[in-house]
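J.: Chains as they are written, first to last, in the numbering used here: chain A, 162 to 384; chain B, 162 to 384.
Would you mind keeping the following structure in view while I ask a few things?
Number of protein chains: 2
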Amino acid sequence: MLKLPPQATQVGLAVDVAAFTIHEGVLRSLLTLRGRVPHAQTWALPGGFVLVGEELHEAALRELRDETSIELEPRHLEQFFTFGAIGRDPRGRIVSVAHLAVLPHGTVPVMAGASTLHADWFPAHQPPPLAFDHALILGRAIKRLQLRLEYANLALDFLPETFTLPELQNVHEAILNRSLDKRNFRKRLLAQGILTPSGERRSGVGRPAQLYRRARSVRTGLL
Amino acid sequence: MLKLPPQATQVGLAVDVAAFTIHEGVLRSLLTLRGRVPHAQTWALPGGFVLVGEELHEAALRELRDETSIELEPRHLEQFFTFGAIGRDPRGRIVSVAHLAVLPHGTVPVMAGASTLHADWFPAHQPPPLAFDHALILGRAIKRLQLRLEYANLALDFLPETFTLPELQNVHEAILNRSLDKRNFRKRLLAQGILTPSGERRSGVGRPAQLYRRARSVRTGLL
DNA sequence: CCAAAAGTGTTAAGGCTACACCCATGC
DNA sequence: GCATGGGTGTAGCCTTAACACTTTTGG
């Protein structure tokens, strides 16, 4: 159906997904161990080619699902940059629309998918060597995540429905990769009015913490 | 060379360019009158298919040059979003990497290019009806431009090498589509230290204005 | 001298940072 | 009672917004 100039048809279109979660207080990114050349036995972001009848974000979700056998839906999915440099893929001209995904807390266990040997979570700020230009893509994804933290309240997407303020602060600290002042953090977050106390408390070691949930009418942020 | 799943080869890759300049105090966007179906006789952003050996930004520059016979190089060129919704182009699945370009002041005269009937500058905030999803693309380009104004100093790219503070303020006002306080504007801009007085003055009606140029070591911003 | 545009300071309010101690619970 | 983590207030600084008159030139 598609009438294009003959040179144009040889450009392949792919998506890659930088998927994040917080585990044990550190920001982690989902990586797959490639089973095929090029870059067999190398860790890479989940990703692959876009199919004809498929929206870009659907392709991103499909790759996430199929390559990692992950069951949960991302809480946030956002396209953030398209990488198209010549030579970024040895197979030829492949342009990749990179996506940023946030998976809720507790999404830790993952298994290998169809075309991958393993899938696992790695510290996002210290990833292993990555295939293609995926180190660049991951770096840009982290920057975007940090930006989004400011004026979307993306941090909530990392947490379960109810959470404590120290937990929320840990999410911010893990993403920004630095520590924050407790009092200033609480002041700022509570002033935004996006949290409502659930009335419950969470017990553990030390003084129990007040539980919060996101206030009504706070956007959920999926694309 | 390219071994892809058979479904993937049918996705066409294009670029579109939202090119801006300031003329007579208003932000204007460069549009082309399409000569071919689909959307013949409709205004559209300059754009077209990416060729195999071509970087994305090269494709954007080529389309800008060929479709509008514009001679000057953009001062700023930046990819800002990739539009890929199914049905956005009646010819089939075409994904477009949208770019934002800034052309310096004085770039006004344009002529038709190869595949277009006309090319001309239109008020960016009130464009004519546009082909495909180009109204959406233009709207997002304007938002990005406004964002960039804040913490890149993109406004300088709209002006010639030397310029007056009121001229610079006009650029900001045209992009933001609202007026700014003169004193606060001057204070803020001068405090940034990105301007140096050239010593010269510009005469016209009223009191002559001090001319400035960009300070040494202010990034030029092309990509 | 008049029109037209350039240039100039102060004040008030809000937001951000730094900083140290008490509180509630489990063991 | 002690260890552990949760919770609280203030003061200084800086940034931002609001606001009106004087200066310099050309005609």
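Where a beta carbon is used, it is the ideal one built from N, C-alpha and C, also for glycine.
Here the structure is a predicted model, which means the values were calculated and not measured.
Would you report the Cα separation of L356(B) and H333(B), rounded to the nearest angstrom?
T.: So the two alpha carbons sit approximately 15 Å from each other.
J.: Take G208(B) and list the residues in its own chain whose beta-carbon comes closer than 7 Å to its own, dropping the five residues that flank it on each side.
T.: Here the set comprises A175, V176, D177, V178, E224, S257.
J.: What would DSSP say about T229(A), mapped onto helix, strand or coil?
T.: The answer is helix: DSSP assigns T229(A) an H, G or I state.
J.: List the residues of chain A that R197(B) touches, going by C-beta distances under 7 Å, in chain order.
T.: Those do not exist, as R197(B) stays about 11 Å from chain A at its closest Cβ, beyond 7 Å.
J.: Hey, is the region 194-201 of chain B in contact with the region 370-379 of chain A, meaning 3+ C-beta pairs nearer than 8 Å?
T.: No: the two stretches stay apart, fewer than three of their Cβ pairs being nearer than 8 Å.
J.: At which residues does the alpha helix (DSSP H) containing V332(B) begin and terminate?
T.: Counting along the chain, the alpha helix (DSSP H) containing V332(B) begins and ends at 326-337.
J.: Based on Cα-Cα distance, which residue from R254(B), T277(B), L341(B) lies nearest to E216(A)?
T.: Per the Cα distances, R254(B).
J.: How big is the Cα-Cα spacing for R195(B) and F210(B)?
T.: Roughly 15 Å between the two C-alpha positions.
J.: Where does Q371(A) fall in DSSP's three states?
T.: Q371(A) falls in the strand class under three-state DSSP.
J.: Taking Cβ-Cβ distances shorter than 9 Å, what residues in chain B pair up with R249(A)?
T.: Going along chain B, no residue has its Cβ under 9 Å from R249(A), so there is no contact; the nearest lies around 11 Å.
J.: Please state whether DSSP places L212(B) in a helix, a strand or coil.
T.: Residue state, collapsed to three classes: coil.
J.: Spell out whether any CB of chain B is found under 7 Å from the CB atom of T243(A).
T.: Closer than 7 Å to some Cβ of chain B, the Cβ of T243(A) qualifies, so yes.
J.: Report the three-state DSSP secondary structure of Q307(A) (helix, strand or coil).
T.: In this structure, Q307(A) counts as helix in the three-state DSSP scheme.
J.: For G173(A), does the count of other Cβ atoms within 10 angstroms reach 16, so buried, or fall short, so exposed?
T.: The residue in question, G173(A), is buried, as its Cβ has 16 or more Cβ neighbours within 10 Å.
J.: Are the beta-carbon atoms belonging to L291(B) and A180(B) less than 7 Å from one another?
T.: Taking 7 Å as the Cβ cut-off, L291(B) and A180(B) do not qualify as a contacting pair.
J.: Mind reading off the beta-carbon distance from T325(B) to R363(B)? Whole number of angstroms is fine, and I expect it under 8 Å.
T.: Contact holds; Cβ gap of about 6 Å.
J.: Leaving out five residues on either side along the sequence, give the residues of the same chain with a beta carbon under 8 Å from the beta carbon of A280(B).
T.: Cβ within range, chain order: L191, L192, T193, L194, P207, E228, T229, S230, I231, V271, M272, A273, G274.
J.: Nearest to N338(B) by CA position, among G300(B), S359(B), A352(B), Q171(B), is which residue?
T.: The candidate whose alpha carbon is nearest that of N338(B) is G300(B).
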